[in-house]
Amino acid sequence: YYNNHEDLPILNVDNDGFSPYEGQLWNVDGHGHGTHCAGTIGAIGKNGKGVTSVNPDPSKFSFFIGKGLTNSGSGSSSGVLQAVETCKESGANIISMSLGGGGFSTVANSTYASIYDAGVLIVAAAGNAGTSAYSYPASYSSIMSVAAVDSNENRASFSQYNDQVEIAAPGVGVKSTLPGQGLPGDGSPRDGSYASWSGTSMACPHVAGVAALVWSHFPNCSNKHIRQALIASARDKGAAGCDRLFGHGIVSAQGAYDYLKEKGCNFEVVEARGGCDQCKYFIAC
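Just so we're aligned, residue 728 is where the sequence shown starts under our numbering, counting upward by one.
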C-alpha cells in the first residue's frame, strides 16, 4: 500500500498495517499490486483526482493492510496466513485477497474456516491460468472465489472456471492507483500514478468493495448474510443459474442492497459450501 498516494486515504503507520516479512514494510509497495487493488476498493471520490472507487467516501470505511506478499510479489503460505490472521485480530470485517498459488492445505483450510466463522467475510481471486484447476485460497469453501469479466460482461479468457467460482466482477482493463516516488517519512508531497491492469486480482476488490459498501448500510447483518445477499442478487450470466464460468453471476451493489432492504438480516443462512453450492440448497436464493 503506497501510503502517500494523492487519491487514497492516508493510514496510521503504527496501527493500520502489518508485514510478516523482515525488511518489507507494509506501507512500501514495490510491486504496485496492493495499491492498485486498494484503489478499486477505496480511492477517494469527488477530489478532482485519479479514479473513483466502489467506496469513494473514506469516512465510511477503514483499511487495514496485511502485506501477504513481498515487494517482488512472492511470499509464503505462512506469511499469507499471518497477514490474514492479523487483519482479523485488528477488527477487519472483510478480507480481500488478490493472490493465489499452491495446493490444498488442511491447516490453511481450517484457519480460513475459523476466521469466517468468527464473522469475517473473505474474498479471493479465482486465478488467472484460464483453466478449470482449483486455485487457493479462493477454492476453500469459506472463501468467495471471484472470476473476472470484461467491459462487455464476457468472461475473461484468463479467468479460472470451476465449481468453486462463486461470483464475477470487472477484471479487464481496470484503471486504478499505483505508487508514486515518495518513501515513508521522507516528507514528499502526495503523488501517485494510475494504470489499467487485468486479472482476477482486479475483480476480487470489486466484490470486496461492494460487500463493504452494502454492509455499511446494514451493519447488523453478519458476514454470512452479506455473502448470501451478494450471490442471490448477482446478475446471471452464461448458463441459466449458477455455472462454473461466472458463479452466481456478476456482482451488483444495488441488487444486494435491494435484497437486504426487502429481507433484512433475519433470514436463514447456511454453513460455508463455496461456489454454486453456497446457494444451491438455500431457499432464499
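Positions of the beta carbon are idealized from the N, C-alpha and C atoms, including for glycine.
### Query
Is the shortest distance between the beta-carbon of Phe791 and the beta-carbons of chain B less than 8 angstroms?
The question asks about chain B, but that chain is absent: this structure has only one protein chain.
task: Tell me, to the nearest whole angstrom, how far the beta carbon of Ala865 is from that of Gly827; I am working on the premise that it is less than 8 angstroms.
output: Taking the sequence shown and counting its residues from 1, the one referred to as residue 865 is at position 138. Taking the sequence shown and counting its residues from 1, the one referred to as residue 827 is at position 100. So it is a contact: roughly 6 angstroms between Cβ atoms.
Selected residue, minimal CA-CA separation from Ser801, among Gly818, Glu733 and Gly759:
In the sequence shown, counting from the first residue as 1, residue 801 sits at position 74. Ser801 has its Cα closest to that of Gly759, out of Gly818, Glu733 and Gly759.
Alpha carbon of Asp741 to alpha carbon of Lys964, nearest angstrom
Within the sequence shown, numbered from 1, the residue matching residue 741 stands at position 14. Within the sequence shown, numbered from 1, the residue matching residue 964 stands at position 237. Near 44 angstroms, if we compare the C-alpha coordinates of Lys964 and Asp741.
Same chain, Cβ closer than 7 angstroms to Gly829, neighbours up to 5 away in sequence not counted: The residue labelled residue 829 in the question sits at position 102 within the sequence shown. Same-chain partners within the cutoff: Ser804 and Tyr863.
message: Counting C-beta neighbours from all protein chains within 10 Å, is the total for Gly912 16 or more, i.e. buried, or is it exposed?
response: Counted from its first residue, the sequence shown places residue 912 at position 185. Exposed: under 16 other Cβ atoms inside 10 Å.
Item checked: Complete beta strand (DSSP E) runs within the stretch 866–907 (minimum length 3 residues, chain order) -> For the stretch 866–907, the full-length beta strand (DSSP E) segments reaching 3 residues or more read 870–876, 892–897 and 901–905 along the chain.
Check: Exposed or buried, which one is Phe831 when buried takes at least 16 other CB atoms within 10 Å?
Finding: Mapped onto the sequence shown, residue 831 falls at position 104. That one is exposed.
Problem - Runs of alpha helix (DSSP H) wholly within the stretch 924–957 (minimum 4 residues, chain order) - result: List check, alpha helix (DSSP H) in window: 927–944.
Could you give the distance in angstroms between the alpha-carbon of Asn754 and the alpha-carbon of His732? To locate residue 754, count along the sequence shown from 1; it is residue 27. To locate residue 732, count along the sequence shown from 1; it is residue 5. So the alpha carbons of these two residues sit roughly 11 angstroms apart.
Measuring alpha carbon to alpha carbon, tell me which residue in Val978, Ser868 and Lys773 is nearest Ala690. The first residue shown for the chain is 728 and the last is 1012, placing residue 690 beyond what the model contains.
State the Cα-Cα distance for the pair His952 and Phe994, rounded to the nearest angstrom. As a first step, residue 952 is located in the sequence shown; it is residue number 225 there, counting from the start. As a first step, residue 994 is located in the sequence shown; it is residue number 267 there, counting from the start. The alpha-carbon atoms of His952 and Phe994 are separated by roughly 8 angstroms.
* To do: Note down the Cα distance separating Leu735 from Leu940, rounded to an integer number of angstroms.
  => As a first step, residue 735 is located in the sequence shown; it is residue number 8 there, counting from the start. As a first step, residue 940 is located in the sequence shown; it is residue number 213 there, counting from the start. Taking the CA atoms as reference points, Leu735 sits about 17 angstroms from Leu940.
Look at the alpha carbon of Arg917 and the alpha carbon of Val996, and state the distance between them as a whole number of angstroms. The residue you call residue 917 lines up with position 190 of the sequence shown. The residue you call residue 996 lines up with position 269 of the sequence shown. A straight line joining the alpha-carbon of Arg917 with that of Val996 spans about 44 angstroms.
Checklist entry - How is the beta strand (DSSP E) around Ala851 delimited, first residue to last? => result Locating residue 851 in the sequence shown gives position 124, where the first residue counts as 1. Element bounds for Ala851: Leu848 to Ala852.
| task | Locate the beta strand (DSSP E) running through Ser822, then write down its first and last residues. | result | Along the sequence shown, read from residue 1 onward, the residue named residue 822 stands at position 95. Checking the sequence shown, residue 822 turns out to be Ile, not Ser. Counting along the chain, the unbroken beta strand (DSSP E) around Ile822 starts and ends at Ile821 to Met824.
So, do the stretch 778–785 and the stretch 808–819 have three or more beta carbon pairs nearer to each other than 8 angstroms?
Using a Cβ-Cβ distance cut-off of 8 angstroms, the stretch 778–785 and the stretch 808–819 are not in contact, since fewer than three pairs of beta carbons, one from each stretch, lie closer than that value.
**Prompt:** In its own chain, which residues sit with a C-beta less than 7 angstroms from the C-beta of Ile737, not counting the 5 before and 5 after it?
**Reply:** By 1-based counting over the sequence shown, the position of residue 737 is 10. Asn730.
*Is the number of C-beta pairs between the stretch 919–933 and the stretch 952–961 that are closer than 8 angstroms three or more?*
In the pairwise beta carbon analysis, the stretch 919–933 is classified as not touching the stretch 952–961: fewer than three pairs are separated by under 8 angstroms.
| message | I'd like to know whether the C-beta atoms of Ala851 and Val876 end up nearer to each other than 8 angstroms. | response | Against the sequence shown, residue 851 aligns to sequence position 124. Against the sequence shown, residue 876 aligns to sequence position 149. Result no, Cβ atoms of Ala851 and Val876 do not sit closer than 8 angstroms.
Query raised in the report: Name the DSSP bridge partner or partners of Asp985?
Result: To locate residue 985, count along the sequence shown from 1; it is residue 258. Note: Asp985 sits in no beta bridge, so no partner.
Subject >> Rounded C-alpha distance that separates Gly968 from Gln908 >> reply: Taking the first residue of the sequence shown as 1, we reach residue 968 at position 241. Taking the first residue of the sequence shown as 1, we reach residue 908 at position 181. One C-alpha to the other measures close to 47 angstroms.
- Simplified DSSP state of Ser920, which is helix, strand or coil: Within the sequence shown, residue 920 is the residue found at index 193, counting from 1. Three-state result, Ser920: strand.
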